[in-house]
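Number of protein chains: 2
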Amino acid sequence: MTAPLHETRAGTPDTQQGMRRRNLSRVMHTIAADGPMSRAAVASRIGLTRAAVSTLVDELIRAGLLEELGPERPGRVGRPGSALAVSGRGPAGIGAEVGVDHLAVCLVDLRGEVRARAERHVSNRGRAPDPVIADLTALVEQVVEQADREGLRPAGLAVAVPGLVARDTRTVVRAPNLDWHDTDLSPLLPSLHRLTVDNEANLGALAELWLGEQVPGDFVHVSAEIGIGAAVVVDGRLLRGTRGFAGELGHVPVHPDGPPCACGGRGCLEQFAGEEAVLRAAGLDPGEGRVGLLAELAATGDAQVRQALHDAGTALGIALTGTVNLLDPQCVVLGGALSHLAPWLLPSLRGELERRTAGPACPIAISPLGSEGPLLGAAHSVVRAVLDDPAGVANGSVNGA
Amino acid sequence: MTAPLHETRAGTPDTQQGMRRRNLSRVMHTIAADGPMSRAAVASRIGLTRAAVSTLVDELIRAGLLEELGPERPGRVGRPGSALAVSGRGPAGIGAEVGVDHLAVCLVDLRGEVRARAERHVSNRGRAPDPVIADLTALVEQVVEQADREGLRPAGLAVAVPGLVARDTRTVVRAPNLDWHDTDLSPLLPSLHRLTVDNEANLGALAELWLGEQVPGDFVHVSAEIGIGAAVVVDGRLLRGTRGFAGELGHVPVHPDGPPCACGGRGCLEQFAGEEAVLRAAGLDPGEGRVGLLAELAATGDAQVRQALHDAGTALGIALTGTVNLLDPQCVVLGGALSHLAPWLLPSLRGELERRTAGPACPIAISPLGSEGPLLGAAHSVVRAVLDDPAGVANGSVNGA
């Protein structure tokens, strides 16, 4: 009847073994966040003895997760402390992104540096999943070869998709802008050590949380590619929702009697602020990859484009008024394509929020990661999984994996 | 630099003392949930030795939190086990509610039974906080006298208000239907052991979570008195928001160009589904306490009232479509006055949700607690604080308080 009070991710009960795994993770996270540093510094930081830390560090060095940079301050009394750093040659995370008009793959090492990148511009709208994933796999292979050359071992693959992914699965339940339905990507993707599939807005928000500066623990991350998505972070954790479908800001009704939407509703935000709607309002051909064009024309002062972006900002402001009233976040972060259009969206967006909310309006920040967020979030999700459970990395020299 | 890995609510580090306090709480919660039961049953349930449990139980009996019901199964070998029950005479929680047209106070014992109740119908709209709280205090005093007569000790007072309460304070930042602004209730309320002030929708949602049957851990609780509020529960925890203002469903824009709202916005849900709006649409005098009248007239088949409720349901459906898209809850619970009007609201509300959401629509449940939710939630919040930290109850016979 009695469940163990603590369980590690792998379900191991609260034993010596479990404690060792957690301590390995604490060592890794400490050095990743604030390293390079000596064993003594790690010990004082995490409150273990220097001997205990040395055992853990030796294990992590053997596993290729840490490396010694050589003796530091050799003049000091006692055994010279050697600065420890997270390995730039050990396991690495591969992130991939299926966009409506592009595919991209990148490789991030444990230090958080992007070590390889491959991408391809291709219209994926209405394409069957198989050829799309075949193209993506070719890019993954390029990046894996590059990893080999750099002495890095891919520890997993995480894929960002512009659609709803059922919680704890690799099944894309619905991706209207790709026209995919109930597509299990597991059999189509290369079998690296660890494979996850997630919504692009979720991974964009995690990138913000992990890589952003001064990002608070409670925020709503709004992103756009062709559609508009959002992700809600509460107390530093992603709010996924019962089925994994939380964050569908694009289908919040803005003008409930407005134009019909692919989701079955009417007057959803996407009908006013989605890329196609904005291009149409701007008098441009609703082709693909036109965000750059919108930004260019707006910058040159094109009145119709500016009006279209103004109106999109108004619609975003209405939908975000509801969101802010429901969630009371510390801020809203605009990411993805929206970050490039921010100068022309923000005035009307902020105006609506201020007009419609009592008291000070919720601050709006622009993501410094922009359209790179989901791809970086994907690669970093693999890196963080390694830091969270270094013993779980498939490597003979780490025990207990 | 090193923070203790576990801290109790009172901030005690992870020491023997902290562990004892947590174990006292585990014993209380186990017996409160599944008692009466023997010491041996408690021991096997929480995985401590019978001796350890006996020490904890003796302490809880001395503090008046547990009582022995006398020997059970005396024929068995060894010392006869005595059934333990949560005390029906120990500490109790006092809940109070400031409504727009009523005041109510109740007393709930550790067993969860309502032991006393006092209420008064009075129009509080536009009344200053002082006389309202003076009236409420008179009711609290009645209930405290009743507690005395029953041998119960009030362990705290929690007050539900129809407005926004700043997180971790007793300050009502804004209660538009009372016309209160930045009102700190601390100096006005009687000083019982523990005093908290919270939004009525939050306390209604907690009542649902604690007292409801088969309530999932992820839901949105929508309640109404004069205004419309909501509370969001995620993983069994209330999402409070940065400032404590989450759940303002009443001010989600439904028709953004609609009538102006007291919040500063236009076309908020409250303008279509708030009590006043519905009474007006039904051709009734927008006086107070008219929910009963609406339900009566709707039941007799009054066409204008039914149309008004149908339209309110439609507006609720539009606002909840946005909510469900953002949060993906397991269900939506209608509480407060809405639960009495559900038969006439639900068809159009469900219709909107189904029409506007792809896939199966989010289920809607009706709160069995109805308008009692916030008051019960308030009283139970005090009871749960006692169960969570029995050693913290002001009582000389419990050490370590």
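Here the protein sequences come in this chain order: L and U. All the letters of the first sequence, read from the start, carry residue numbers 28 to 428 under this note's numbering. All the letters of the second sequence, read from the start, carry residue numbers 28 to 428 under this note's numbering. Where a beta carbon is used, it is the ideal one built from N, C-alpha and C, also for glycine. Note that the structure is predicted; figures quoted are calculated from it, not measured.
Alpha carbon to alpha carbon, how far is G274 (chain U) from A161 (chain L)?
Taken atom to atom, the span from the alpha-carbon of G274 (chain U) to that of A161 (chain L) is near 45 Å.
I think C290 (chain L) touches H278 (chain L), with their Cβ atoms under 8 Å apart; what is that distance to the nearest whole Å?
Rounded, the Cβ-Cβ distance is 5 Å, consistent with contact.
When the Cα of L122 (chain L) is compared with those of L:L236, L:A326, L:V410 and L:A325, which residue comes out closest?
Sequence inspection shows Gly at residue 122 (chain L); the Leu mentioned does not correspond to that position. The shortest C-alpha to C-alpha distance from G122 (chain L) to any of L:L236, L:A326, L:V410 and L:A325 is the one to L:V410.
From U:D128, U:N151 and U:A112, residue whose alpha carbon lies closest to that of L96 (chain U):
Ranking U:D128, U:N151 and U:A112 by Cα distance to L96 (chain U) puts U:A112 first.
Could you check whether A335 (chain L) and A364 (chain L) sit closer than 7 Å to each other, using their CB atoms as the reference points?
Result no, Cβ atoms of A364 (chain L) and A335 (chain L) do not sit closer than 7 Å.
Among the residues of its own chain, which have a CB less than 6 Å from the CB of G356 (chain L), if the five just before and after it don't count?
According to the sequence provided, residue 356 (chain L) is Pro. The question's Gly does not apply to it. Cβ within range, chain order: D245, F246 and V247.
Indicate whether the contact test is met: 3 or more Cβ pairs, each with one atom in the stretch 135 to 154 of chain L and one in the stretch 168 to 186 of chain L, closer than 8 Å.
With the rule of 3 Cβ pairs closer than 8 Å, the stretch 135 to 154 of chain L counts as touching the stretch 168 to 186 of chain L.
Look at the alpha carbon of D195 (chain U) and the alpha carbon of A258 (chain L), and state the distance between them as a whole number of angstroms.
When rounded, the distance between both Cα atoms is 26 Å.
Where S250 (chain U) falls, given that 16 or more other Cβ within 10 Å makes a residue buried
Buried, by the Cβ-count rule.
Using 10 angstroms around the beta-carbon of G328 (chain U), count the other beta-carbons present and answer buried if the total reaches 16, otherwise exposed.
The residue is exposed, with fewer than 16 neighbouring Cβ atoms inside 10 Å.
Looking at the structure shown, is I88 (chain U) part of a helix, part of a strand, or coil, going by DSSP?
In the structure shown, I88 (chain U) sits in a helix (DSSP, three-state: H, G or I).
Among U:L191, U:M64 and U:L376, which one has its Cα closest to the Cα of N352 (chain L)?
That would be U:L191, whose Cα lies nearest to the Cα of N352 (chain L).
Start and end of the alpha helix (DSSP H) containing V69 (chain L)?
Unbroken alpha helix (DSSP H) run through V69 (chain L): R66 to I73.
Is it true that the stretch 227 to 239 of chain L meets the stretch 392 to 406 of chain L, where meeting means three or more beta-carbon pairs spaced less than 8 Å apart?
With a cut-off of 8 Å, the stretch 392 to 406 of chain L and the stretch 227 to 239 of chain L count as touching, because enough Cβ pairs lie within range.
For a test of the three-state rule: what should DSSP assign to S109 (chain L), helix, strand or coil?
In the structure shown, S109 (chain L) sits in a strand (DSSP, three-state: E or B).
The stretch 288 to 302 of chain U / the stretch 207 to 223 of chain U touching (three or more Cβ pairs under 8 Å):
By the C-beta criterion, the stretch 288 to 302 of chain U is judged not to be in contact with the stretch 207 to 223 of chain U, since fewer than 3 inter-stretch pairs fall below 8 Å.
Same chain, Cβ closer than 6 Å to V425 (chain L), neighbours up to 5 away in sequence not counted
Confidence in V425 (chain L) is poor, its pLDDT being 35 and thus under 50, which makes the residue's placement too unreliable to answer from.
Environment of M55 (chain L) [buried if 16+ CB atoms lie within 10 Å]:
By the 10 Å Cβ count, M55 (chain L) comes out buried.
Close beta carbons around P118 (chain U), own chain, < 6 Å, minus the five adjacent residues each side:
Cβ neighbours of P118 (chain U) beyond the five flanking positions: R180, A182, V413 and V420.
How far does the alpha helix (DSSP H) with N226 (chain U) in it reach, from first residue to last?
For N226 (chain U), no alpha helix (DSSP H) encloses it; the enclosing beta strand (DSSP E) starts and ends at L222 to N226.
Delimiting residues of the beta strand (DSSP E) encompassing V420 (chain U)
V420 (chain U): not part of any beta strand (DSSP E); DSSP gives it neither H nor E.
Please name the residue in U:G153, U:A110 and U:S109 whose C-alpha comes closest to that of D128 (chain U).
Shortest Cα-Cα distance from D128 (chain U) to any of U:G153, U:A110 and U:S109 involves U:G153.
Reference T269 (chain L); option with closest CA among U:M46, U:L376, U:G344 and U:D262
It is U:D262 whose Cα lies nearest to the Cα of T269 (chain L).
Starting from G139 (chain L), follow the beta strand (DSSP E) in both directions and report where the run begins and ends.
Counting along the chain, G139 (chain L) falls outside any beta strand (DSSP E), and DSSP gives it neither H nor E.
Reduced DSSP category for L296 (chain U) - H, G, I as helix; E, B as strand; rest coil
Taken through DSSP and simplified to helix, strand or coil, L296 (chain U) comes out as coil.
Is P370 (chain U) buried or exposed, if buried means 16 or more other CB atoms sit within 10 Å of its CB?
Exposed, because fewer than 16 other Cβ atoms sit within 10 Å of the Cβ of P370 (chain U).
For a cutoff of 7 Å on Cβ pairs, would you count P189 (chain U) as touching chain L?
No, because no Cβ of chain L sits closer than 7 Å to the Cβ of P189 (chain U).
Tell me where the alpha helix (DSSP H) around S375 (chain L) begins and ends.
Looking at the DSSP string, the run of the alpha helix (DSSP H) that includes S375 (chain L) is A364 to R383.
Cβ-based contacts, 7 Å cut-off: residues of the stretch 264 to 280 of chain L near chain B
Note that chain B does not occur in the displayed structure, where the protein chains are L and U.
Under three-state DSSP, which class holds T198 (chain U)?
In the three-state reduction of the DSSP assignment, T198 (chain U) falls in the strand class.
G349 (chain L) versus chain U: which residues are under 7 Å apart at the beta carbon?
V279, P280 and G349, listed in chain order.
Helix, strand or coil: how does DSSP classify E323 (chain L) here?
DSSP places E323 (chain L) within a helical segment (H, G or I) once states are collapsed to three.
Can you check whether the C-beta of R383 (chain L) is within less than 7 Å of a C-beta belonging to chain U?
Among the CB atoms of chain U, one or more fall inside 7 Å of the CB of R383 (chain L).
Using the Cα positions of R53 (chain U) and R264 (chain U), report the straight-line distance between them to the nearest angstrom.
Here the C-alpha atom of R53 (chain U) lies approximately 19 Å from the C-alpha atom of R264 (chain U).
Would N443 (chain U) and L184 (chain U) qualify as a contact pair, given that the criterion is a beta-carbon distance under 7 Å?
The structure shown does not extend to residue 443 (chain U), since chain U is modelled only from 28 through 428, so no value can be given for it.
For V430 (chain U), would you say it is in contact with chain L, using Cβ-to-Cβ distances shorter than 7 Å as the test?
The requested residue 430 (chain U) does not occur in the structure, where chain U is confined to residues 28 to 428.
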